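Quick notes on the structure that follows.
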Amino acid sequence: MSRSPAQEPAIKPSPQNRGDRPVAGVAAVIMAAGLGKRMQSKHAKVLHPVAGRPMVLYSLELALRIAGHQVAVVVGHQADQVSQVVKEATGGSNGHVAVSIAEQRELLGTGHAVLQTRPVFMESGRSMPAQFIILNGDTPLLREATLRELLEVHRRQEAAVTILTTVLEDPSGYGRVVRSSSGDAVSRIVEDRDADAAVKAIREINVGTYVVEGDFLFSALEGLQPTNAQGEFYLTDIVQAAVEGGRRVAAVTLDDPNEGLGVNTRRQLAEAEVVVRGQIRDRWLDAGVRMIDPSSTWIDAGVTIGRDCVLYPNVMLEGSTVLGEDAIVRSGTRITDCIIGNRVEILDHCVCRDSQIEDDATLGPFAHLRPHVLVRKGAKIGNFVEAKKTELGEGSKANHLSYLGDAKIGKGVNIGAGTITCNYDGVRKAETVVEDGVFIGSDTQLVAPVTVGAGSVIAAGTTVTQNVPPDSLVISRVMQVTRPGWAAKRRVLLAEGAQAASNRTSSNAKTGKRASPRRKPKRSKRRPR
Ligand code: UD1
Ligand code: CA
Numbered sequence: 122m123s124r125s126p127a128q129e130p131a132i133k134p135s136p137q138n139r140g141d142r143p144v145a146g147v148a149a150v151i152m153a154a155g156l157g158k159r160m161q162s163k164h165a166k167v168l169h170p171v172a173g174r175p176m177v178l179y180s181l182e183l184a185l186r187i188a189g190h191q192v193a194v195v196v197g198h199q200a201d202q203v204s205q206v207v208k209e210a211t212g213g214s215n216g217h218v219a220v221s222i223a224e225q226r227e228l229l230g231t232g233h234a235v236l237q238t239r240p241v242f243m244e245s246g247r248s249m250p251a252q253f254i255i256l257n258g259d260t261p262l263l264r265e266a267t268l269r270e271l272l273e274v275h276r277r278q279e280a281a282v283t284i285l286t287t288v289l290e291d292p293s294g295y296g297r298v299v300r301s302s303s304g305d306a307v308s309r310i311v312e313d314r315d316a317d318a319a320v321k322a323i324r325e326i327n328v329g330t331y332v333v334e335g336d337f338l339f340s341a342l343e344g345l346q347p348t349n350a351q352g353e354f355y356l357t358d359i360v361q362a363a364v365e366g367g368r369r370v371a372a373v374t375l376d377d378p379n380e381g382l383g384v385n386t387r388r389q390l391a392e393a394e395v396v397v398r399g400q401i402r403d404r405w406l407d408a409g410v411r412m413i414d415p416s417s418t419w420i421d422a423g424v425t426i427g428r429d430c431v432l433y434p435n436v437m438l439e440g441s442t443v444l445g446e447d448a449i450v451r452s453g454t455r456i457t458d459c460i461i462g463n464r465v466e467i468l469d470h471c472v473c474r475d476s477q478i479e480d481d482a483t484l485g486p487f488a489h490l491r492p493h494v495l496v497r498k499g500a501k502i503g504n505f506v507e508a509k510k511t512e513l514g515e516g517s518k519a520n521h522l523s524y525l526g527d528a529k530i531g532k533g534v535n536i537g538a539g540t541i542t543c544n545y546d547g548v549r550k551a552e553t554v555v556e557d558g559v560f561i562g563s564d565t566q567l568v569a570p571v572t573v574g575a576g577s578v579i580a581a582g583t584t585v586t587q588n589v590p591p592d593s594l595v596i597s598r599v600m601q602v603t604r605p606g607w608a609a610k611r612r613v614l615l616a617e618g619a620q621a622a623s624n625r626t627s628s629n630a631k632t633g634k635r636a637s638p639r640r641k642p643k644r645s646k647r648r649p650r
């Protein structure tokens with residue numbers, strides 16, 4: 122990272138910087154009201170997820186790490202949804218600072234957006250912040266160390282406005298940073314659509330991240346004029362206003378242009394995704410997670426992974442999933458919003474949603490946990506088992522080919538292959554209770570609501586329709602009939618029948634008669650006894 126106009130040694134961003142405290146007197150504004158036309162989407166741009174988390178939350182998280190005064194988010198397009206996402210993420214505050222929403226009813230530009238936050242800061246009953254950090258809601262790659270440096274340079278140089286810039290191979294679409302011919306002081310920012318050929322040739326661009334003095338911001342915004350190609354109030358025009366007012370404008374230039382990526386299009390969203398996913402993987406590799414093939418391992422921003430976990434290729438960990446230590450997740454598995462204990466082993470091709478698996482349990486291959494499944498300690502869910510809203514007790518097993526829905530299954534229960542809880546009668550869902558130590562034979566149907574008492578044995582092939590008292594045997598089958606020699610006699614009869622049919626065909630051929638193509642040869646009515 123380099124600085125101008127005064128060249129100073131760059132701060133080496135280090136992991137320790139992450140732990141830095143929020144800075145007193147510093148407020149933050151996040152602009153998140155825009156529609157994002159270039160995304161070609163029904164959804165507001167800032168709601169598009171990067172690594173499973175809405176883009177606006179990247180800016181918000183950054184703001185909350187640094188602002189010690191107050192944070193305001195400007196919403197407009199799909200205001201309700203954006204506000205909802207912000208509120209869910211912060212609960213209206215983040216411990217140390219309040220997070221307020223300001224609504225921009227007409228989208229009249231970024232300067233107009235920031236102006237909408239004035240009541241938030243006026244009515245807070247607190248003194249005006251010393252500085253405002255202002256962030257676009259579409260820069261998910263920006264790092265905390267960079268923002269801290271921007272603030273530090275701003276304060277040290279006693280600037281009215283400090284901007285973050287970077288130099289791009291292709292600067293088209295971005296605002297260009299125009300510097301004075303004498304020295305390299307910033308004189309103004311010109312938007313792409315307002316730029317002439319000479320300005321378009323400038324490759325230094327405005328990232329959209331600013332620090333502005335508290336006593337300067339709102340008076341400068343009041344003075345903005347929408348005299349530009351888009352007829353908007355541009356926040357970027359406060360740069361020129363500061364210069365004209367004889368105040369200092371500072372700038373920090375990013376060495377890595379990636380960090381300044383402003384997401385305006387789906388392509389840029391995909392680029393940001395690649396970078397963020399890589400950062401997340403590196404973070405977990407550094408924290409002691411083993412990934413056999415990092416490039417095919419997909420971990421959302423909200424996931425937590427314990428030490429010595431092993432992730433095989435093509436694993437997706439999504440949402441707010443938590444993995445304990447020493448868990449193993451094999452290939453082709455997707456886990457969303459689940460809590461997974463220590464030493465859990467999840468074999469290949471499982472799909473798990475909104476469920477919990479306790480320590481030492483195993484799952485799969487090819488298991489499907491739908492929401493609200495609780496697999497207790499050491500329990501086992503095997504191949505082709507689907508479960509929903511079901512608790513499988515400690516040490517219990519459902520090893521093969523079962524459907525367990527709306528069931529409460531106790532400890533040490535064996536669920537035989539092919540067992541089905543018939544939990545739905547076409548109108549209502551009903552519960553199945555299987556108490557501790559029950560043995561359920563293969564191919565059993567449990568017609569809910571039904572309870573199987575502790576220690577009972579259900580014979581294979583049973584349809585359980587009534588509650589079973591503890592320690593019972595339940596068997597519901599047609600009595601078996603065995604006829605020794607039946608199959609051998611049948612083979613003889615079948616062979617005789619086939620011979621007779623073929624004799625008929627050959628005699629028809631001799632007499633010139635055609636056997637009817639439709640009529641099958643008559644089957645012998647004789648059956649073995
Ligand atoms: C803006 C900058 C440009 C910079 C670029 C970096 C201005 C005038 N231009 O352009 O110099 O190079 O970011 O990515 O600021 N927004 C509102 N209300 C509005 C308009 C926008 O809240 O009325 C929000 C958007 O939701 C977005 C941010 O402001 O988060 C930036 O808006 P966008 O339309 O993306 O600005 P750019 O044209 O990219
Ligand atoms: Ca933008």
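Going by the working numbering, the sequence shown opens with residue 122, and the numbers climb by one from there. Built from N, CA and C at the ideal position, the CB exists for glycine as well. Since the structure is predicted, the reported quantities are computational estimates derived from the model, not experimental observations.
Leu271 beta carbon less than 8 Å from that of Val395 | no
Do the segment 288-299 and the segment 319-336 meet, that is, are 3 or more Cβ pairs less than 8 Å apart?
-> yes
Between Pro570 and Ile461, what straight-line distance do the alpha-carbon atoms span, to the nearest angstrom?
-> 30 Å
Keeping to the same chain, check which residues put their C-beta closer than 6 Å to that of Ile132; ignore five residues upstream and five downstream.
-> Since pLDDT at Ile132 reaches only 27, below the 50 mark, its modelled position is unreliable, and no value is offered.
Going straight from the alpha carbon of Gly391 to that of Glu244, what length do you get?
-> It is worth fixing the name first, because residue 391 is Ala in this sequence and not Gly. Taking the straight line joining both Cα atoms gives about 40 Å.
Is it the case that the CB of Leu229 approaches a heavy atom of ligand 1 more closely than 7 Å?
-> yes
Return the residue from the list Ile151, Glu353 and Arg300 that minimises the CA-CA distance to Ala193.
-> Ile151
Near Gln128, which residues of its chain fall below 8 Å by C-beta distance, leaving aside the five closest residues on each side in sequence?
-> Its pLDDT being 33, under 50, Gln128 is placed unreliably by the model, and the measurement read from it follows with that caveat. The answer is none, since no qualifying residue turns up.
Ignore the nearest five residues each way along the sequence and tell me which others in Val299's own chain have a CB closer than 8 Å to its CB.
-> Val307, Ser308, Arg309, Ile310, Val311, Val320 and Ile323
Cβ-Cβ separation, Leu382 to Ala371 (assumed contact under 8 Å), whole Å = 22 Å between Cβ atoms; not a contact.
State the DSSP-derived secondary structure class of Ile323, mapped to helix, strand or coil.
-> coil
Contact set for Gly547: own chain, Cβ-Cβ below 8 Å, skip 5 residues either direction | none
Skipping 5 residues on each side, what residues in its chain have a beta carbon closer than 7 Å to that of Asn379?
-> Leu262 and Val396
Should Met152 be counted as a contact of ligand 1 given a C-beta to heavy atom distance under 7 Å?
-> yes
Trp419 versus Glu209: straight-line alpha-carbon distance, rounded | 24 Å
Opposite Thr425 in the DSSP bridges: which residues?
-> Val443
Exposed or buried, Ser105, counting other C-beta atoms within 10 Å across all chains shown (16 or more means buried)?
-> No answer is possible for residue 105: it lies beyond the span of the chain, which begins at 122 and ends at 650.
What's the gap between the Cα of Leu183 and the Cα of Asp447?
-> 31 Å
May I ask you to check if the CB of Thr211 is nearer than 7 Å to at least one heavy atom of ligand 1?
-> no
Verify the contact flag: Tyr355, CB atom, against every heavy atom of ligand 4, threshold strictly below 7 Å.
-> The model on display carries ligand 1 and ligand 2 but not ligand 4.
Three-state class that DSSP yields for Thr286 in the structure shown = strand
Label Gly344 either buried or exposed according to how many other C-beta atoms from any shown protein chain fall within 10 Å of its C-beta, with 16 as the threshold for buried.
-> exposed
Between which two residues does the alpha helix (DSSP H) containing Phe339 stretch?
-> Gly335 to Glu343
Span of the alpha helix (DSSP H), counted from its first residue to its last, around Lys208 | Ala200 to Thr211
Once you ignore the five residues that flank Gly427 on each side, which residues in its own chain have a CB closer than 6 Å to its CB?
-> Leu444, Gly445 and Glu446
Which residue from Gly155, Val554 and Tyr524 puts its Cα closest to that of Pro591?
-> Val554
In terms of DSSP beta bridges, what is Ser221 paired with?
-> Ala193
When Ser593, Thr572 and Ser597 are compared against Thr583, the one with the closest alpha-carbon = Ser597
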